[in-house]
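S.K.: Chains A and B supply the protein sequences, listed in that same order. Quick note: the numbering used here has the first sequence finishing at residue 189, numbered continuously throughout. Quick note: the numbering used here has the second sequence finishing at residue 378, numbered continuously throughout. A virtual CB, placed ideally from N, CA and C, is assigned to each residue, including glycine. As the structure is a computational prediction, the values presented were derived from the model and not from experiment. Dropping the structure in here first, questions after.
There are 2 protein chains.
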Amino acid sequence: MGDSRSVERFSNVLSGVVKLTKTLSDGRQQIVGLQFAPDFLGRPFQSESTLTAEAATDVELCSFPRQALERMMKEQPNLEHRLLEQKLRELDQARDWMVALGRKTASEKIASFLLMIVHNIDPAAGPERRRAAFDLPLSRAEIADFLGLTVETVSRQITRLRGENVIRIENNRHVIVDDIGRLAARAGD
Amino acid sequence: MGDSRSVERFSNVLSGVVKLTKTLSDGRQQIVGLQFAPDFLGRPFQSESTLTAEAATDVELCSFPRQALERMMKEQPNLEHRLLEQKLRELDQARDWMVALGRKTASEKIASFLLMIVHNIDPAAGPERRRAAFDLPLSRAEIADFLGLTVETVSRQITRLRGENVIRIENNRHVIVDDIGRLAARAGD
DNA sequence: CGTTTCCTTGAGCGGTGTCAAGCCGTGTGG
DNA sequence: CCACACGGCTTGACACCGCTCAAGGAAACG
């Protein structure tokens, strides 16, 4: 799991998952975004404020300096347009998570998180699968930071979902969902 | 306070405050954004998913249909660029709130909210004022929906801030902050 | 085999939600 | 003018969800 790096550069995520985190002065942390392939990574026109980008899994990046991007955008309006569309998607996602963070219970948060992974981990797959299996890209502690919970609560809720046969788990990281509908029913939307 | 309306149109907020809300099927609500003058309002390239825009105060809008905007953007790359910059700002704000929603305590949320209003209600004012006075653009219930709390908790925390002489309140809506620094010290950042 | 890291599980506590009552300002109708 | 209802806000009593603290298991690695 790589370390963080300045976001004075821009990158395309070719494979893997990158997490964007914010930290309060006393150490409390919140993950404010996850970027999957083939997302764009970086914040043009401004230093990245207090945002830290960190690899969550092994990651392949295609990276280049900020100035190169801003020059390319001036020459290719199409590029700026695609960037806008991606940022609009990120904004939609951020707002969906705000609902989860502010209004969902712990178990709804976990279910929503698992669903979100299902939908992102393999974007090619059709939207109406019944089953899914995948490796969690985040540790329990990272899931907690993503959902605004503690590690213990994350662990207990996952155990609960497993006890109710909504998911199965192998090796702490591999998740099997036999009926995505049953999982979705617990996401609270 | 006006009603909601479809966001098939686009608008500039000329004055007042517009709230963007999301609602779960069982009625739980979350405000996912506040737009102050002179913000842009609307979501190009896609129907607005499950987002509702609603006036929080009296509002003046300059509104026009979606197609007009998308046509104008093709002709004026500069317009698309300004739109991108605004959406990047909105994304930064959304991520700041995610930290508040996920990791801050009730009283820190209230302090952060009041600070945010101070900074937005009068964008012209310099960043280093000591005092501020303003009308809250939201009711207690709306503040609760914004911060992921209940009305009762909002009320209690505001009472607490008042008891500690961090703020004064007149007529339930008018807030006076004598020392913004003391308020900021309670925001938890 | 010890150490470390991650995860799970238990016990108890506390912050925030829930439920209920009452206050205050405003509007409405007699 | 008063009586009353109504909505927004506050306050209190209590319950519960999720946090804290603590212990121990499981897998990876030296």
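Mind listing, in chain order, the continuous alpha helix (DSSP H) runs of no fewer than 4 residues lying wholly within the region 289–328 of chain B?
M.R.: 295–310
S.K.: Count Cβ pairs between the region 295–308 of chain B and the region 251–262 of chain B that sit closer than 8 Å; are there 3 or more?
M.R.: no
S.K.: Does the structure place the region 273–288 of chain B close enough to the region 32–50 of chain A that three or more beta carbon pairs sit under 8 Å?
M.R.: Using a Cβ-Cβ distance cut-off of 8 Å, the region 32–50 of chain A and the region 273–288 of chain B are in contact, since at least three pairs of beta carbons, one from each stretch, lie closer than that value.
S.K.: For a minimum of 3 consecutive residues, which ranges assigned as the beta strand (DSSP E) are wholly contained in the region 6–84 of chain A?
M.R.: Runs of the beta strand (DSSP E) lying entirely within the region 6–84 of chain A and spanning at least 3 residues, in chain order: 9–15, 17–23, 29–36, 52–55, 60–65.
S.K.: Quick one, which of B:219, B:246, B:322 has its alpha-carbon nearest residue 339 of chain B's?
M.R.: Between residue 339 of chain B and the set B:219, B:246, B:322, the nearest pair of CA atoms involves B:219.
S.K.: Does the beta carbon of residue 36 of chain A come closer than 8 Å to any beta carbon on chain B?
M.R.: no
S.K.: Do residue 261 of chain B and residue 94 of chain A have their C-beta atoms closer together than 8 Å?
M.R.: In this structure, the beta-carbon distance from residue 261 of chain B to residue 94 of chain A does not fall below 8 Å.
S.K.: Of the choices A:81, A:163, A:146, whose alpha-carbon is the least far from that of residue 106 of chain A?
M.R.: A:146
S.K.: Which residues, in order along the region 74–101 of chain A, keep a beta-carbon less than 8 Å from a beta-carbon of chain B?
M.R.: 77, 80, 81, 83, 84, 85, 87, 88, 90, 91, 92, 94, 95, 96, 97, 98, 99, 101
S.K.: Only counting the same chain, and skipping five residues up and downstream in sequence, which positions put a Cβ closer than 8 Å to that of residue 333 of chain B?
M.R.: 339, 340, 342, 343
S.K.: Report the option in A:22, A:78, A:38, A:26 whose CA atom is closest to the CA atom of residue 124 of chain A.
M.R.: Residue A:38 is the option with its Cα nearest to residue 124 of chain A.
S.K.: Tell me the residue span of the beta strand (DSSP E) that contains residue 359 of chain B.
M.R.: 356–359
S.K.: Below 8 Å on the Cβ atoms is my guess for residue 199 of chain B versus residue 240 of chain B; work out the distance and round it to an integer in Å.
M.R.: Not confirmed; about 14 Å, so no contact.
S.K.: Could you check if residue 346 of chain B is buried or exposed, using at least 16 other CB atoms within 10 Å of its CB as the buried criterion?
M.R.: buried
S.K.: Is the beta carbon of residue 175 of chain A closer than 8 Å to that of residue 134 of chain A?
M.R.: yes
S.K.: Which whole-angstrom value describes the C-beta separation of residue 169 of chain A and residue 130 of chain A, a residue pair presumed to lie in contact below a C-beta threshold of 8 Å?
M.R.: Actually they are not in contact, since the Cβ atoms of residue 169 of chain A and residue 130 of chain A sit about 19 Å apart, beyond 8 Å.
S.K.: Is the distance from the Cβ of residue 18 of chain A to the Cβ of residue 55 of chain A below 8 Å?
M.R.: Yes. Within cutoff.
S.K.: If residue 14 of chain A sits next to residue 61 of chain A, beta carbons under 8 Å apart, how far is it from one beta carbon to the other, in whole angstroms?
M.R.: 6 Å
S.K.: Under 8 Å between C-beta atoms, does residue 32 of chain A make it to chain B?
M.R.: yes
S.K.: Ignore the nearest five residues each way along the sequence and tell me which others in residue 197 of chain B's own chain have a CB closer than 6 Å to its CB.
M.R.: 255
S.K.: Could you list which residues in chain A have their beta carbon closer than 7 Å to that of residue 211 of chain B, in chain order?
M.R.: 95, 99
S.K.: In terms of residue numbering, what span does the alpha helix (DSSP H) encompassing residue 209 of chain A cover?
M.R.: In the structure as shown, chain A starts at 1 and stops at 189, and residue 209 of chain A therefore has no counterpart that could be examined.
S.K.: So the alpha helix (DSSP H) residue 181 of chain A belongs to, where does it begin and stop?
M.R.: 180–184
S.K.: Spell out the partners DSSP gives residue 343 of chain B in its beta bridges.
M.R.: Residue 343 of chain B pairs with nothing; no bridge assigned.
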